[in-house]
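Structure first, commentary second.
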Amino acid sequence: MGVVDQSGITIGEVLEATTISVGDKLVDQGDAAVIRAAEARAVGHNVLQPIGLDAIAQATATYNACVAYDYNKITKSDVLSLPRDKAMTRKDADGMRGAELSNKPDMMTPTGGVVDTMATTVRVIRNDTP
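Laid out in structure tokens, this is it:
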């Protein structure tokens, strides 16, 4: 990874933990939105690279939606890795949750999804209660 803010658990570390927990799950549009928000917050601006993690996640979600068989689809662990990083804040988590909600037809974040797993990881590392 590139530049890292060492003041706490980073967005990249939380994404890495997410790959351990739900890395075998397929990438969908909600995941792509969370990854877009995570990358934007990690790099500090909303202008993302056309070949960055955001673009890869979006292309993956689109690909997965078009492929018939799950064994040909791409998983979360295949795409989650940030080139830059920063300490994760509650504001970051809220922004990522909002991104996922806006890309889910039922407006619900799935249990065990990227945002849910990221929130759980932060709580465990910080010894917070739910």
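Quick note: numbering that gives the first Met the number 0 has the sequence shown finishing at residue 129, numbered continuously throughout.
C-beta: ideal position from N, C-alpha, C; glycine also.
Predicted, not measured: the structure shown is a model, and the values here were computed from it.
In the DSSP annotation of this structure, residue 71 is not part of any alpha helix (DSSP H), being labelled neither H nor E. A check of alpha carbon separations from residue 110 across 71, 49, 65, 29 identifies 29 as the nearest.
Straight through space, the alpha carbons of residue 113 and residue 17 are spaced by roughly 6 Å. Its chain contains 75, 111, 112, 113, 116 as the residues whose beta carbon lies nearer than 8 Å to that of residue 21, once the 5 sequence neighbours on both sides are disregarded; these appear in chain order. Counted as a single uninterrupted DSSP element, the alpha helix (DSSP H) harbouring residue 55 occupies residues 52-65.
Taking C-beta atoms as the reference points, residue 67 and residue 26 fail to come closer than 9 Å.
Residue 34: member of the alpha helix (DSSP H) spanning 28-42, first to last residue. Residue 79 and residue 91 have their C-alpha atoms some 17 Å from each other.
Distance check between residue 34 and each of 72, 70, 77 places 77 closest, using alpha-carbon atoms only.
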